[in-house]
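Line order of the protein sequences matches chains A and B.
Read in full-length UniProt numbering, the first sequence has 213 at position 213, and its numbers run on one by one without any break.
Read in full-length UniProt numbering, the second sequence has 351 at position 351, and its numbers run on one by one without any break.
Have a look at the structure below, then the notes.
There are 2 protein chains.
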Amino acid sequence: MTTMTKVNVKQQAQLAQKASKELGLLPTGTKNQALLTIADHLEANTAAILAANEKDLANGREAGYDAAYMDRLALDTDRVKDFADGLRQVAKLEDPSGEVTDEWTLDNGLNVQTIRVPLGVIGMIYEARPNVTADATGLALKSGNAIVLKGGSSAINSNRQIVSVMKEALEHTEISSDAVQFIDSTDRQATEELFTMKEHIDVLIPRGGGKLISAVVNNATVPVLETGVGNCHIYIDKDADAKKAFAILVNAKTDRPAVCNAAETVIIHEAFLNAHKDELIETLKENNISVYGDEAACKALPGAEKAEEEQWANEFLSLDIAMKIVSDVDEAISHIDEYGTKHSEAIVTDNEETAKRFKGMVDAAAIYQNASTRFTDGSALGFGAEIGISTQKLHARGPMGLPALTTIKYVMTGDGQIR
Amino acid sequence: MTTMTKVNVKQQAQLAQKASKELGLLPTGTKNQALLTIADHLEANTAAILAANEKDLANGREAGYDAAYMDRLALDTDRVKDFADGLRQVAKLEDPSGEVTDEWTLDNGLNVQTIRVPLGVIGMIYEARPNVTADATGLALKSGNAIVLKGGSSAINSNRQIVSVMKEALEHTEISSDAVQFIDSTDRQATEELFTMKEHIDVLIPRGGGKLISAVVNNATVPVLETGVGNCHIYIDKDADAKKAFAILVNAKTDRPAVCNAAETVIIHEAFLNAHKDELIETLKENNISVYGDEAACKALPGAEKAEEEQWANEFLSLDIAMKIVSDVDEAISHIDEYGTKHSEAIVTDNEETAKRFKGMVDAAAIYQNASTRFTDGSALGFGAEIGISTQKLHARGPMGLPALTTIKYVMTGDGQIR
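Structure representation (structure tokens):
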């Protein structure tokens, strides 16, 4: 049974905000030391964390969650070690905060600097995975931000224990334990209170399914860094190299079908289809990929079913794929415009003119020519850890590492300049 | 009489979005040429613009608007020439769009570029000033964005005429006239439709009074670049140079009291007050500044009235100022934390330690040491034109020039890379 705890969300956000002020001024070494201390405490308290996780797993079994969900929820010694190691990794990353990103002097002698500063207080709203609790905290503290954590109800026992260990660890560091706040409630209202707490929370980062993300985007007055839903397309052009095309299609669809940078629709130029139909059928069959197609695709592929509107519009997150046959790149671009979620879109072509048009016209965080969409990922791109993949256009776009958790401040130093 | 026109906001936003796609790919020279053409047409059509403006002015007189409002609304030959010249200035500014802001190659050979791209469609929601119609359009087009304009009802005749001239001018250029959309309605519902049009509008920029801005922030699901309310403070420290302190106070309060970077509260260290009381009284009197103070300020200054909560919290936009006496810099910082609007905050001190703490702890777009807050302004900082001053923390912060109207896109070029 989950214990319902009375929480005072506003008070917690205020504590976080207060802690963020001093945290924002701490030197990098102090923050790194704190992360290492948290990592050690997490590992040392593995047994307690696993015991709490066992309660969540028991509740999950009772609730009849599916295997994939239970897997996301489950912790073991290795997974706890993984998130401790994750914090040690973040301690090694460059600290963006305090960087002077630009500097100039006006004719009147006024010196102008733009300095990277922490956002302040990050509100993290997420679903089942308990590792996000430690990962997000590490990224927030390293970049000088306090964090308010609101995890999914199904992981509340695990999250509570992880936070308790992290806060206890902070008592041994120069970071106030108030910098990490855990909303210990399964009440939806507690989440909704975060949506409008503009006075005390600087940004909300929702991480989870489409429903969670739209609830935050549609109801929040706090600025939102929208993450994640990826209805990604692979367009195989008439000038595609067939070997690359099939390798990319298979990788983007099957490597990890449940993640946001997996492909959900393949768009194929009719000339490519005509030239490589047998190989296409063979490749899909070998890789257990089921097709929901438009008329031309259904005609060409035995066993393909007709795609419904929702199959063009939504992620399958499985070995299913939607398939559209087009007569030119502009038709592919129009389809992506209509159904894409501005995450990752790929073209396979050796025609540079066609590639240029695709790269220019498609509006997405990441555009690929001749590579799998699976590279839209902080670690694959060399950022170290990431707090999510932004699919919105303001500020951080694409995989968000430490710099995405900062903003800038103009700092002007003068000797009495007036206008 | 204002004519109520049936408008189809969604259709207009769709047209803008379609136009933005090709506009985003146009070379800088083509966009500059279009701006110069618009400028020439505006000047050539001054008579028609002034005739339309006369209708707005007549309506305004009938409605009994005050002199300051009528002044913001009024156009004359010089003002029309000013906004034509503004477009010519924007044509000379560097084009941010297309800039490769970063580039690296992964170990597997995948080339990664981050490229600055236009945001897409900008929804501009603003109040009386008709010059915003031309200024915002120039900045949007130069940075490769389409724009949907929703101006204040009181300027609807002027705005309609200005837009009509600009669209006619675009017919002589390579930019589609659909890239500029004017919501020809005084119906509040037309504005509200823009708030949630996420499919077709990429960002909303509200520009006007606090009420307008909060209506947008509280109701929009489209990302908002929040601009402008400036409840700015000048903190005069015990280690302030008195001559600089008074010059900055007078400049920040009186140079243009109605603008957002004017000072609204002065916070004075008690030691400074004690040392310079007579000079302070004299300076305020000479400059016709009325004081609403806390207890200590009222005690020290003859004629000062007690400040109410709303006077600490809101802009006066007049020669009134709120005054608080403090015993250290932290008390000043706490007051700014409570009442500031994250716009521009200044400290006058020759003590570098105190200045460092103020600059580090105060959370605002612009922090000044020994200079007037009046420099928070695109042209004063050397950006050329600005579309507004952002007081939010995501993406663009402070004065927003052309780069603030762009985002980035990751463009990856490979030869078959998969994970």
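Glycine included, each C-beta is placed from N, C-alpha and C at the ideal position.
These figures come from a predicted structure and were not determined experimentally.
Here Cys298 of chain A carries a helix assignment [DSSP, helix/strand/coil]. With respect to Thr28 of chain B, Asp95 of chain B sits close: the two C-beta atoms are nearer than 8 Å. Counting only residues of its own chain and dropping the five nearest sequence neighbours on each side, Met361 of chain A has a CB closer than 7 Å to the CB of Ile333. Of the residues A:Ile387, A:Asn32 and A:Lys55, the one whose Cα lies closest to the Cα of Val132 of chain A is A:Ile387. A contact is defined here as three or more CB-CB pairs under 8 Å, and the stretch 263-276 of chain B meets this definition with respect to the stretch 232-249 of chain B. Assigned with DSSP and collapsed to three states, Ile336 of chain B falls in helix. By the C-beta criterion, the stretch 144-163 of chain B is judged to be in contact with the stretch 173-180 of chain B, since at least 3 inter-stretch pairs fall below 8 Å. A direct Cα-to-Cα measurement between Met323 of chain B and Asp135 of chain B gives close to 36 Å.
At least one C-beta of chain A is nearer than 8 Å to the C-beta of Met412 of chain B. The residues Val291, Gly293, Ala297 and Cys298, in chain order, have a CB closer than 6 Å to that of Ala304 of chain A in the same chain once the five nearest residues on each side in sequence are set aside. With a threshold of 8 Å between beta carbons, Phe358 of chain A makes no contact with chain B. At a cut-off of 8 Å between C-beta atoms, Ile248 of chain B counts as an interface residue with respect to chain A. Within chain A, the C-beta atoms nearer than 9 Å to that of Met361 of chain B come from Lys21, Glu22, Gly24 and Leu25, in chain order. Interface criterion not met: the Cβ of Arg116 of chain A is under 8 Å from no Cβ in chain B. Look at Lys238 of chain B here: in three-state DSSP terms it is coil, with no helix or strand label. In its chain, beyond the 5 residues on either side, Val203 have a beta carbon closer than 6 Å to the beta carbon of Pro223 of chain B. For Lys244 of chain B, at least one C-beta of chain A is nearer than 8 Å to its own C-beta. Distance from the CA atom of Leu36 of chain A to the CA atom of Pro403 of chain A, rounded to whole angstroms, is 20 Å.
Taking a 10 Å sphere around the C-beta of Ser327 of chain A, we find fewer than 16 other C-beta atoms and assign the residue as exposed.
Spatial neighbours of Asn53 of chain A in its own chain (CB-CB distance under 6 Å, excluding positions within 5 residues in sequence) are listed in chain order as Leu75 and Ser158. Judged by beta-carbon spacing, Leu273 of chain A lies within the 8 Å limit of Ile325 of chain A, meaning their Cβ atoms are closer than that value.
Per DSSP, reduced to three states, the secondary structure at Gln181 of chain B is strand. Put simply, the stretch 396-414 of chain B touches the stretch 113-123 of chain B. At least three CB pairs are less than 8 Å apart.
Excluding five sequence positions before and after Gly24 of chain A, the CB atoms of its chain that fall closer than 8 Å to its own CB belong to Ser97, Val117, Pro118, Gly120, Gly144 and Asn145, given in chain order.
If you look at Tyr69 of chain B, you'll find it isn't in any beta strand (DSSP E); it sits in the alpha helix (DSSP H) that goes Ala67 to Leu73.
Taking 8 Å as the cut-off, the beta carbon of Gln392 of chain B is found closer than this to the beta carbon of Leu225 of chain B.
Of the candidates B:Asp56, B:Val229, B:Thr227 and B:Lys198, the residue whose Cα lies closest to the Cα of Ala155 of chain B is B:Asp56. Chain A has no Cβ within less than 8 Å of the Cβ of Asn288 of chain B.
Going by DSSP, Gly60 of chain A is part of the alpha helix (DSSP H) stretching over Thr46 to Ala63. The C-beta of Val100 of chain A has fewer than 16 other C-beta atoms within 10 Å across all chains shown, which makes the residue exposed.
DSSP places Glu279 of chain B in the helix class (H, G or I) of the three-state scheme. When secondary structure is reduced to three states using DSSP, Ile389 of chain A falls in the strand class. Counting C-beta pairs closer than 8 Å gives fewer than three between the stretch 366-376 of chain B and the stretch 101-110 of chain B, which falls short of the contact rule. With respect to the 8 Å criterion, Glu345 of chain B and His233 of chain B are classified as neighbours on the basis of their beta carbons. According to DSSP, Lys409 of chain B shares a beta bridge with B:Ile115. In terms of Cβ geometry, Arg160 of chain B and Asp187 of chain B do not form a close pair [threshold 8 Å].
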